[in-house]
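Taking it in order: structure first as structure tokens, then the write-up.
2 protein chains.
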Amino acid sequence: MRASDKAYAALREDIVEWRLAPGTVLAEVEQSERLGVSRTPLREALGRLTAEGLTTAGGRGVVVTDISLEDIDELFELRETLEGKAAALAARRGDAATFERLQRELLDAPGLIAGGKPALHDYYELVGRLDAAIDAAISNSYLAQAMRSLRVHLVRIRRLAADDACRLTAAAAEHAAIAEAIAAGNPKLAEAATVIHLHRSLSHVKAAHASHPKEHHG
Amino acid sequence: MRASDKAYAALREDIVEWRLAPGTVLAEVEQSERLGVSRTPLREALGRLTAEGLTTAGGRGVVVTDISLEDIDELFELRETLEGKAAALAARRGDAATFERLQRELLDAPGLIAGGKPALHDYYELVGRLDAAIDAAISNSYLAQAMRSLRVHLVRIRRLAADDACRLTAAAAEHAAIAEAIAAGNPKLAEAATVIHLHRSLSHVKAAHASHPKEHHG
DNA sequence: ATGGACAGCTGTGTATACACTGATGCTGTC
DNA sequence: GACAGCATCAGTGTATACACAGCTGTCCAT
Chain E
2 MRASDKAYAA LREDIVEWRL APGTVLAEVE QSERLGVSRT PLREALGRLT AEGLTTAGGR
62 GVVVTDISLE DIDELFELRE TLEGKAAALA ARRGDAATFE RLQRELLDAP GLIAGGKPAL
122 HDYYELVGRL DAAIDAAISN SYLAQAMRSL RVHLVRIRRL AADDACRLTA AAAEHAAIAE
182 AIAAGNPKLA EAATVIHLHR SLSHVKAAHA SHPKEHHG
Chain C
2 MRASDKAYAA LREDIVEWRL APGTVLAEVE QSERLGVSRT PLREALGRLT AEGLTTAGGR
62 GVVVTDISLE DIDELFELRE TLEGKAAALA ARRGDAATFE RLQRELLDAP GLIAGGKPAL
122 HDYYELVGRL DAAIDAAISN SYLAQAMRSL RVHLVRIRRL AADDACRLTA AAAEHAAIAE
182 AIAAGNPKLA EAATVIHLHR SLSHVKAAHA SHPKEHHG
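Which chain is which? The protein sequence lines are E and C, in order. Numbered by this note's numbering, the letters in the first sequence go through residues 2 to 219 in order. Numbered by this note's numbering, the letters in the second sequence go through residues 2 to 219 in order.
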């Protein structure tokens, strides 16, 4: 693995996991020493992070981007647009059997969610497979790329909202509805199911954020 | 101006203006000598270009990305999604007076288009102002960022379709319709006007590309 | 004659040294 | 005492040197 990849992965993880708080300045020498790489690959890593929007390169040094409540609204506004369209396209172009299989798995997901932490990982992996299946089905690299760049920020937000079993069970049902609509080849329904899911997710995140607003900033 | 900025601007211009054909490998030493900068800032420039999708960093060296007819369809599929949503949001949140002024200017645009090359530049600048006004009105940095990254590729395509006065006149009317709908605060209408405009643009580009398919590849 | 292995080369990945810029703090003068 | 100017320094921007990997061409062996 290249040193720049290592630095990129480490920094990205640190930011997404909120170990590096928003506003932190990432001085090149300091970070290169901390991560055990030279300044050159570190700069490449910082460039990639900045291109993704996780950091901003304003003025002196790059700083970790802040994510506020307004940002969450904006983020979900774009997400609704992109993922709604993606679901609709997947319903038109996707393979029905693939999504029927995913739907069945998602309907069984509550068992996984109740099963504790190791099984929980299987659930997240299942949702990831649904995302990947949609990505593949839309056969639009530009749209897929736009969604990928969006998901980085979403993961960051997800860490703010401690997903409880109750919300995850509901989310699984919503995901199953999306898969069902895509399998049925119904674009409007798939888009509607996606919009519903995203709105519920947003409400949950905002509620969690409102009840523990400073958890990660102290 | 930093050397990396200079290299980035030069390479980006070369790619967008089709002076660097798709498939061209951008060897670091070769390009750094050609542009008169060192390898370090050149690598940063290449990284930015790759992040934007103008180049790909597969295997050995970075190569200029190809743009095919399928890519154009995919590109406009995403563009319709993003700009349609943007127009709708602008209609909801934008300042009516601003867009009324833009609409009046756009209705006068046929005079500019007929006026030859210097006046033509004014027309392009006017369309750019409409884009900027929409960007500002939506007040969603993530959506704006997604549209910015998309426009890079659109400029590249625009160079393929030699815009004639006839098409530009029609486009001006379509832009005026978009501005009017936004000024009227009608989101559905603004989105519809945008979708119409983009479909006409796409048809024009594809027609031009079909009649001169190899113009830029010889 | 053909296949494999080794050497050389081309080109990227990384490290480090140097230059320049912006800021901050100290000192001198008004 | 306050402000202006200069010096020092921290930190980024750039260049270059070095290491390593992949490919290619040639030579030797079968």
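Ideal placement from N, C-alpha and C gives every residue a C-beta, glycine not left out. Remember, it's a predicted structure, so these values are computed and weren't measured experimentally.
* Option nearest residue 118 of chain C by Cα separation, candidates C:30, C:5, C:165, C:53 -> Within the second sequence, residue 118 of chain C is the residue found at index 117, counting from 1. Nearest of C:30, C:5, C:165, C:53 to residue 118 of chain C, Cα basis: C:165.
* Asked: In the region 180–206 of chain E, which residues sit with their C-beta less than 9 Å from some C-beta in chain C, listed in chain order?
  -> Going along the region 180–206 of chain E in chain order, one finds no residue with a Cβ nearer than 9 Å to chain C.
* Asked: Which one or two residues does DSSP pair with residue 26 of chain E in a beta bridge?
  -> Position 25 of the first sequence, counting from 1, holds the residue named residue 26 of chain E. BP columns for residue 26 of chain E point to E:64.
* What residues are listed by DSSP as bridge partners for residue 56 of chain E? -> Taking the first sequence and counting its residues from 1, one reaches residue 56 of chain E at position 55. Bridge partners of residue 56 of chain E: E:65.
* Find the residues of chain E that neighbour residue 9 of chain C, judging by a C-beta separation of less than 8 Å, and give them in chain order. => Counted from its first residue, the second sequence places residue 9 of chain C at position 8. By Cβ distance, chain E contributes nothing, its closest Cβ being about 11 Å from residue 9 of chain C, past 8 Å.
* To do: Measure the alpha-carbon distance for residue 218 of chain C versus residue 161 of chain C and round it to whole angstroms.
  => Looking up residue 218 of chain C in the second sequence gives position 217. Looking up residue 161 of chain C in the second sequence gives position 160. Legend: pLDDT at residue 218 of chain C = 44, less than 50; position of this residue unreliable, no value from coordinates given.
* **Sequence-distant residues of the same chain with beta carbon closer than 7 Å to residue 196 of chain C, five excluded per side** => In the second sequence, counting from the first residue as 1, residue 196 of chain C sits at position 195. Same-chain partners within the cutoff: 81, 85.
* Asked: Would residue 217 of chain E count as contacting chain C if we go by Cβ distances under 7 Å?
  -> Sequence index remark: in the first sequence, residue 217 of chain E carries index 216 (1-based). Here residue 217 of chain E scores only 47 on pLDDT, less than 50, and its place in the model should not be relied on; the value that follows carries that caveat. No, no contact with chain C.
* On the premise that residue 173 of chain E lies in contact with residue 107 of chain E, defined as a C-beta separation below 8 Å, what is that separation, rounded to the nearest angstrom? -> Within the first sequence, numbered from 1, the residue matching residue 107 of chain E stands at position 106. Within the first sequence, numbered from 1, the residue matching residue 173 of chain E stands at position 172. Between residue 173 of chain E and residue 107 of chain E the Cβ distance is about 5 Å, and since that is below 8 Å, they are a contact.
* With a cut-off of 7 Å, does the C-beta of residue 82 of chain E fall near any C-beta of chain C? -> Translated into positions along the first sequence, residue 82 of chain E becomes position 81. By this cut-off, residue 82 of chain E is an interface position.
* Inter-stretch contact (C-beta, 8 Å, three-pair minimum) for the region 31–41 of chain E and the region 88–95 of chain E -> Below 8 Å, too few C-beta pairs join the region 31–41 of chain E and the region 88–95 of chain E to call them touching: fewer than three.
* Asked: Should residue 55 of chain E be flagged as near chain C, meaning a C-beta pair shorter than 7 Å?
  -> Position 54 of the first sequence, counted from the start, is the residue given in the question as residue 55 of chain E. False, the Cβ-Cβ gap to chain C never drops below 7 Å.
* To do: Measuring only between beta-carbons, confirm whether residue 71 of chain C sits less than 7 Å from chain E.
  => Numbered from its first residue, the second sequence carries residue 71 of chain C at position 70. Not an interface residue.
* Asked: What's the C-alpha gap between residue 36 of chain E and residue 54 of chain E?
  -> Numbered from its first residue, the first sequence carries residue 36 of chain E at position 35. Numbered from its first residue, the first sequence carries residue 54 of chain E at position 53. The straight-line gap from Cα to Cα measures roughly 21 Å.
* Asked: What three-state label does DSSP hand residue 14 of chain E in the structure shown?
  -> By one-based count along the first sequence, residue 14 of chain E stands at place 13. Helix, per DSSP.
* To do: Can you check the region 62–112 of chain E for any alpha helix (DSSP H) of at least 4 residues that lies completely inside it and give the ranges in chain order?
  => Whole alpha helix (DSSP H) segments, 4+ residues: 70–94, 97–108.
* Asked: Can you tell me whether DSSP reads residue 163 of chain C as helix, strand or coil?
  -> Along the second sequence, one-based indexing puts residue 163 of chain C at 162. Coil, per DSSP.
* Backbone CA spacing between residue 32 of chain C and residue 5 of chain C [nearest angstrom] -> The sequence position of residue 32 of chain C within the second sequence is 31, counting from 1. The sequence position of residue 5 of chain C within the second sequence is 4, counting from 1. One C-alpha to the other measures close to 12 Å.
* Asked: Hey, how far is the Cα of residue 19 of chain C from the Cα of residue 63 of chain C?
  -> Locating residue 19 of chain C in the second sequence gives position 18, counting from the first residue. Locating residue 63 of chain C in the second sequence gives position 62, counting from the first residue. If I take the Cα positions, the gap works out to 16 Å.
* Asked: Does DSSP put residue 130 of chain C in a helix, a strand or coil?
  -> Indexing the second sequence from 1 puts residue 130 of chain C at position 129. If DSSP states are grouped into helix, strand and coil, residue 130 of chain C belongs with the helices.
* To do: Just the chain C side, please: which residues come within less than 8 Å of residue 146 of chain E by C-beta, in chain order?
  => What you label residue 146 of chain E is simply residue 145 of the first sequence in a count that begins at 1. In chain order: 54.
* To do: State whether the region 140–159 of chain C contacts the region 7–21 of chain C, with contact taken as three or more CB pairs (one from each stretch) at a distance under 8 Å.
  => Three or more Cβ pairs closer than 8 Å define a contact, and the region 140–159 of chain C meets that threshold against the region 7–21 of chain C.
* Asked: Below 7 Å between beta carbons: does that hold for residue 95 of chain C and residue 138 of chain C?
  -> Position 94 of the second sequence, counted from the start, is the residue given in the question as residue 95 of chain C. Position 137 of the second sequence, counted from the start, is the residue given in the question as residue 138 of chain C. Yes. Within cutoff.
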